[in-house]
Amino acid sequence: MSNWPDWFLEALRQRFYQLELVSEQQASCSSEDVHLFTKMDQFKMNQNKDIQQLLSEWEEAIGYQLSQDKQSMYMEGVKDGIRLILPVMQPTVTR
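First residue of the sequence shown: -11, per the numbering used here; consecutive thereafter.
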């Protein structure tokens, strides 16, 4: 990677550090998430069938929203990559 300009290498490092921080924050919540899901399951089991069904639908909706959020974050990463690479690959292209 020594052929890359210094500004490009620094931009990559900074983006990596941002993603690493987000990843660490998400990992630190992991045990809390397990605890939350356990409590939610216990709560659901103590409810009647209608309430269990509503809670299951709610969980599904939340799961769908989270997957949409992750997909959006992924696409932002792809866009970041394109913004970084395109000027290097085609220096005459302007934004």
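Where is the CB? At the ideal position from N, CA and C, for every residue including glycine. Remember, predicted model here, so these are calculated numbers, not experimental data.
Could you pull out every residue in the same chain whose Cβ sits closer than 8 Å to the Cβ of residue i, ignoring the five residues on either side in sequence?
{"i": "Pro(-7)", "result": "Val76"}
Kindly give me the distance between the Cβ atoms of residue i and residue j, rounded to whole angstroms, as I take these residues to be in contact under 8 Å.
{"i": "Asp57", "j": "Arg3", "result": "Wrong, their Cβ atoms sit about 19 Å apart, outside the cutoff."}
{"i": "Gln35", "j": "Leu43", "result": "7 Å"}
By how many angstroms is the C-alpha of residue j removed from the C-alpha of residue i?
{"i": "Phe31", "j": "Leu54", "result": "22 Å"}
{"i": "Asp29", "j": "Glu(-2)", "result": "46 Å"}
{"i": "Arg71", "j": "Ile39", "result": "48 Å"}
{"i": "Glu8", "j": "Glu20", "result": "19 Å"}
{"i": "Lys27", "j": "Trp46", "result": "15 Å"}
{"i": "Arg1", "j": "Met33", "result": "47 Å"}
{"i": "Tyr5", "j": "Ile50", "result": "28 Å"}
{"i": "Gly65", "j": "Phe(-4)", "result": "15 Å"}
Would you mind working out which of the options sits nearest residue i, comparing C-alpha positions?
{"i": "Val10", "options": "Gln78, Tyr62, Tyr52", "result": "Tyr62"}
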